[in-house]
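Following: one structure in C-alpha cells, then a few remarks.
Numbering (the working numbering), first residue to last: 285 to 413.
Next up, the structure:
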C-alpha cells in the first residue's frame, strides 16, 4: 500500500512539473481577433475570431469585482460593450489594451452622483519581470 502511495505521489509531482513548465499556446499573429468577451462571474476572458473561439484565459478583476463600474475610485470593473481603442507596446504589463470606457451611459450615471466616471481602463496581463 505504501508503495502505491509513493508511486502515485511521484506521478503527481511529475505531472505538476510538466504542467508548470509546459509553454502556453500562443495565438498565431495572422489571426484577427474580432471580439473579446469577459465573464466576470466566471473570471474568464474568451477571445474570438468571427464566431470561432480561439482561447479562454483566466482573469482577475478590480478590488470590488461585483457590479458595474459607476464612478472613478469605486474599484469595479466596467460592464457593457466597449471597443479596444488603444494599445501600449511599451507597457510594463503584457498586452496592455485600452477600452472605450466610459461610454455615454456610464458618464451619465457618474454625473448623477456628482462624480467623475474615470477612465484609462485596461485589459492586460501581469507585469513583466
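For glycine and all other residues, C-beta sits at the position ideal for the given N, C-alpha and C.
- Looking only at 401, 395, 337, 298, the smallest Cα-Cα distance to residue 362 is reached by 401.
- Restricted to the segment 288 to 337, the beta strand (DSSP E) segments that are unbroken, complete and at least 3 residues in length are 319 to 323, 328 to 333, listed in chain order.
- Residue pairing by DSSP places residue 378 opposite no residue, since no beta bridge is assigned to it.
- Here the segment 392 to 401 makes contact with the segment 343 to 362; the two share three or more CB pairs at distances below 8 Å.
- DSSP places residue 286 within a helical segment (H, G or I) once states are collapsed to three.
- In this structure residue 330 touches residue 321 by the C-beta definition: roughly 5 Å separates them, less than 8 Å.
- Per the coordinates, the alpha-carbon of residue 368 lies some 22 Å from the alpha-carbon of residue 347.
- One Cα belongs to residue 309, the other to residue 290, and the distance between them is close to 32 Å.
- Distance between residue 384 and residue 300, taken at the CA atoms: about 40 Å.
- Of the candidates 315, 376, 381, the residue whose Cα lies closest to the Cα of residue 404 is 381.
- For residue 344, there is no enclosing beta strand (DSSP E), as DSSP marks it with neither H nor E.
- The criterion of a C-beta distance shorter than 8 Å is not satisfied by residue 408 and residue 359.
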